[in-house]
Structures are given as structure tokens and as C-alpha cells.
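As C-alpha cells, the structure follows; a few thoughts come after it.
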Amino acid sequence: MIKTRITELFNIERPILQGGLMWISRAELTSAVVNAGGMGFITALTFPDPESLRTEIRRCREMTSRDFGINLTFLPTLRPPDYSSFIQVCIDEGIKFIETAGYNPEAYIDHIKSGSITVIHKCTSVRHALKAQEIGCDAVTIDGFEAAGHPGEDDVTSLVLVPLASDALRVPIVASGGFADGRGLVAALGLGADGINMGTRFAATKEAPVHENIKKAIVEHSELDTSLIMRTLGNTERVLRNPSVEKVLEIEGRGNATIEDIIPYVSGLVGKAMLEEGNVHRGILSAGQSMGLIHDIPSCRELMDRIMAQAEAVIRGNFLQVLTSERAPGTG
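In terms of our numbering, the sequence shown is residues 211 to 542.
Right, dumping it as C-alpha cells:
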């Protein structure tokens, strides 16, 4: 067993988190992750209103007796969701953990904390992580450039970003972006993280509530098959390359593109249909460079058992062997 500040904070056996994945992080996936000893988060904005989230929380409770969390992503929109009501549902239902992402959650921290809820905020830079710590977040997830979805605009990989965050922060850190196996877990711990967050890897599991074609596409593609869209709009997203993505890049390449120009290709409803219907050529699928490390579609328990076994083998084998090996002749 690997104990860290994250396993203690979330009262879990394994330092592995399944963060919020739009349309994917539902009761089936989240319950499977927590039942296997990790921490999972249901994505609140997958649901049209707070009462629908309440129903999903209760559905998840039928699948697990363990605690799980809720993801709340704060987005700049003309018609923002009723975040306060989503938070109140979490409090009413006894949720103990919330993962925040997107914009600064400071305006909602007091409300969340009024329910004695632990908050972990997802960041793409050290400066944002320091702000999260300052406003009272209990932990942070650090998204490196390899990550699926929105990796920020700084283009700093996990290998550099995680140790920088570890040096700067007091709160526990979760490394995210490029992690899919036990070797990555050990690497993250070595860089100063207290655990790992996985998105793309969990999307290709038996319990992920998406079409099998989506899971197969993740397995069949490599680390070279992602593209960065919406860079010209300051909202960079790493996605699986397909005809819809190529069209978005073409529109952006013309110059002066607006969100209205690309909405037919990137809208959430188009992406939802893609996940449900399995047409991998139409819509946008967030996918990280960790696709190159994904070769099968296991259950969450099988995956997490394998990650922990590999991590412990690396620590006990490779590392201890190096530490206990005799010095080479002539080295003193």
C-alpha cells in the first residue's frame, strides 16, 4: 500500500483520482473507481439542473457505500449555471469532496466550506495553484501540457510543472496529464506529487458510460493523434484528431475566428451525441497524450490493481536495486 497526504485527505487506499469528465463521469464510472480504492468525481454540469444531480448522487449511493465527490467547473457563459444550487445539493446530500475547475472558485468557497466539504482545485499553472491555496482549497490538481481537455496556455509539461508546484505549495498535490500506469504513478510521487489524476485512461474502461467505439478509438490511437484547438480563442483544448477537429483548425487558420464560427463542431451537445452514438468522426473528444499508453479496456478495479502492482514493483525492484547496488570500481 502507498500512503500519501492524498490518501489521508480523501480516506482512500490508493492515490488515484478520477477527475470530472464531461458526460462521462457519472455514477457507473465514479462508483467503480471508489469501490476499487480511489476517489472519483461525478461531473455536476453533465446534468441539466441541480435536482438531476441530486438524483445521480442517490443513484451512485446505490452502487457504493464509499464516499465520492462532485466536480464543479466554473465557466464564462452568458447564462451561467446555478452554481449555488448545485453546491447546496452537495451539502444537502452529504457530499464530502468537491473538485473545482475552470475559473477561480473564490466566490463559492465559503458556501462549499459551510458544508464541511474538502475542496481540490484543478490548475494549469503554479500561479493559479498558489491562488487556490490562498483562498482555502485543501489540495490542488496540477494539469500538465499532456492532459486532455484544457491544459492552459503556458505549454508546460507535467515533468516540469509538478515539481515546481511541489516546491511552491503547502497543500497536497495531484499530478494530472500523461498518467496511465504504475510507472507514471511512481514518477509523479518522485516529482513531489501525492497522487495522480487520470481522465483518458478511465474513459477507456468497462464502466465508462460511453459507446464502445469511443473506447476502441482511444486504444487504437497514439500519443501522436491529438490536436490543440481553440488556441486562437485563448481556450486551448487537447482533443482526438478527427474530421471535425481538422475543420476547426481550418477555420482558426483563416484568422479572426470567433466561437460562433466553430460552435457547430465543438458544442457540448455534439460531443454528447458522439459519446452516445459512437461516431468518432463527428464531434470533439477530449483526449490526452496518454493514449499512447492505453492498450486495453479493463474494469476500473483491474486497471487500478495493475497500476498499484506495477508501481510497487518499480519501487521495490528498480529503485531498491539501484540504491543497494555496489559502487562501480574506481568511483571511490
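Using N, Cα and C, we set each Cβ at its ideal position, and we do this for glycine too.
What does DSSP give as the partner residue(s) for A375 in the beta ladder? Counting from one through the sequence shown, the residue named residue 375 turns up at place 165. According to DSSP, A375 bridges with nothing at all.
Since N407 is in the beta strand (DSSP E), which residue starts that stretch and which ends it? Along the sequence shown, read from residue 1 onward, the residue named residue 407 stands at position 197. Segment I406 to M408, the beta strand (DSSP E) holding N407.
In terms of residues, what are the limits of the alpha helix (DSSP H) holding C300?
Position 90 of the sequence shown, counted from the start, is the residue given in the question as residue 300. Bounds of the alpha helix (DSSP H) holding C300 are Y293 to D302.
message = I need the boundaries of the alpha helix (DSSP H) containing V396, first residue and last residue.
response = Walking along the sequence shown from the start, residue 396 turns up at place 186. Element bounds for V396: G392 to L401.
Legend entry - Where G387 falls: helix, strand or coil (DSSP): In the sequence shown, the residue the question calls residue 387 occupies position 177. G387 falls in the coil class under three-state DSSP.
field: Segments assigned alpha helix (DSSP H), at least 4 residues, entirely inside the segment 472-526
entry: Within the segment 472-526, the complete alpha helix (DSSP H) runs of at least 4 residues are 478-487 and 510-523.
Cβ-Cβ distance between G498 and G387 below 8 Å:
Counted from its first residue, the sequence shown places residue 498 at position 288. Counted from its first residue, the sequence shown places residue 387 at position 177. Yes, these two residues count as a Cβ contact at 8 Å.
- request: With a floor of 3 residues, list each beta strand (DSSP E) that falls wholly inside the segment 217-248, ordered by position along the chain.
  value: Annotation: the segment 217-248 contains the following complete segments of the beta strand (DSSP E) (minimum length 3 residues), in chain order: 226-228.
What is the DSSP secondary structure of N466, reduced to helix, strand or coil?
As a first step, residue 466 is located in the sequence shown; it is residue number 256 there, counting from the start. In the three-state reduction of the DSSP assignment, N466 falls in the coil class, being assigned neither a helical nor a strand state.
Worksheet entry | Nearest residue (CA-CA) to I469, options M211, R236, R441 and A523 | Taking the first residue of the sequence shown as 1, we reach residue 469 at position 259. Residue R441 is the option with its Cα nearest to I469.
Which whole-angstrom value describes the C-beta separation of L239 and A418, a residue pair presumed to lie in contact below a C-beta threshold of 8 Å? The count along the sequence shown starts at 1 and reaches residue 239 at position 29. The count along the sequence shown starts at 1 and reaches residue 418 at position 208. That pair is a contact at about 5 Å.
- My understanding is that D348 touches K306, with C-beta atoms under 8 Å, so please give their C-beta distance in whole angstroms. Locating residue 348 in the sequence shown gives position 138, counting from the first residue. Locating residue 306 in the sequence shown gives position 96, counting from the first residue. The pair is not a contact, with the Cβ atoms about 11 Å apart (cut-off 8 Å).
Which value, in whole angstroms, describes the spacing of the CA atoms of L255 and T283? Here residue 255 corresponds to residue number 45 of the sequence shown, with the count starting at 1. Here residue 283 corresponds to residue number 73 of the sequence shown, with the count starting at 1. So the two alpha carbons sit approximately 7 Å from each other.
Note to self: According to DSSP, simplified to helix, strand and coil, what is A414?
What the structure shows: Here residue 414 is taken as the residue at index 204 of the sequence shown, counted from 1. Here A414 sits in coil by DSSP.
Those residues which DSSP pairs with H321 across a bridge: In the sequence shown, residue 321 corresponds to position 111, counting from 1. DSSP output for H321 lists no bridge partner at all.
Item to complete: Kindly indicate which three-state DSSP category T436 falls into: helix, strand or coil?
Response: Walking along the sequence shown from the start, residue 436 turns up at place 226. The answer is strand: DSSP assigns T436 an E or B state.
| task | State the CB to CB distance for the pair R215 and D404, rounded to an integer number of angstroms; the pair is presumed to be in contact (CB under 8 Å). | result | Your numbering for residue 215 matches position 5 in the sequence shown. Your numbering for residue 404 matches position 194 in the sequence shown. Indeed, because the Cβ distance is near 5 Å, the residues count as touching under 8 Å.
Taking the CB atoms as reference points, tell me whether I252 and R236 lie closer together than 8 Å. Here residue 252 is taken as the residue at index 42 of the sequence shown, counted from 1. Here residue 236 is taken as the residue at index 26 of the sequence shown, counted from 1. Going by C-beta atoms, I252 is nearer than 8 Å to R236.
Legend entry - Nearest to E272 (by Cα), restricted to the options D302, S241, F296 and R289: Locating residue 272 in the sequence shown gives position 62, where the first residue counts as 1. Considering only alpha carbons, the answer is S241.
Which listed residue (K416, D471 and I345) has its alpha carbon closest to that of L443: The residue labelled residue 443 in the question sits at position 233 within the sequence shown. With distances taken between Cα atoms, L443 lies closest to D471.
Can you find a heavy atom of the ligand GTP that lies under 7 Å from the Cβ of R393? Within the structure as shown, the ligand GTP is missing, as the structure has no ligands at all.
Requested in this report: Grab me the residues of E266's own chain with a C-beta within less than 7 Å of its C-beta, minus the 5 sequence neighbours each way, in chain order.
Outcome: The count along the sequence shown starts at 1 and reaches residue 266 at position 56. Answer for E266: R236, A237, I252 and F257, listed in chain order.
Examine the Cβ distances between the segment 472-482 and the segment 428-435 and report whether three or more of them are shorter than 8 Å. Touching, no, given that fewer than three Cβ pairs across the two stretches are closer than 8 Å.
Worksheet item: T328 by DSSP, collapsed to three states: which one?
Response: Translated into positions along the sequence shown, residue 328 becomes position 118. Of the three classes helix, strand and coil, the one that applies to T328 here is strand, per DSSP.
Checklist entry - Does the Cβ of V350 have 16 or more other Cβ atoms within 10 Å, making it buried, or fewer, making it exposed? => result To locate residue 350, count along the sequence shown from 1; it is residue 140. V350 comes out buried.
**Prompt:** Roughly how many whole angstroms lie between the Cα atoms of I327 and F296?
**Reply:** Walking along the sequence shown from the start, residue 327 turns up at place 117. Walking along the sequence shown from the start, residue 296 turns up at place 86. Rounded to the nearest whole angstrom, the CA to CA distance from I327 to F296 is 13 Å.
* Unbroken beta strand (DSSP E) run spanning E363, endpoints -> Residue 363 sits at position 153 when you count from the first residue of the sequence shown. Looking at the DSSP string, E363 is not in any beta strand (DSSP E), and its letter there is neither H nor E.
T367 versus E356: straight-line alpha-carbon distance, rounded: Within the sequence shown, residue 367 is the residue found at index 157, counting from 1. Within the sequence shown, residue 356 is the residue found at index 146, counting from 1. Using only the alpha carbons, I get a separation of about 6 Å.
According to DSSP, is T256 part of a helix, a strand, or is it coil? The residue given as residue 256 occupies position 46 in the sequence shown. Collapsing the DSSP output to three states places T256 in a helix.
Exercise for the section: Within the same chain, show all residues whose beta-carbon is closer than 7 Å to that of V458, passing over the 5 residues directly before and after it, in chain order. Expected result: As a position in the sequence shown, residue 458 is number 248, starting the count at 1. These residues qualify, in order along the chain: I439, I472, Y475 and V476.
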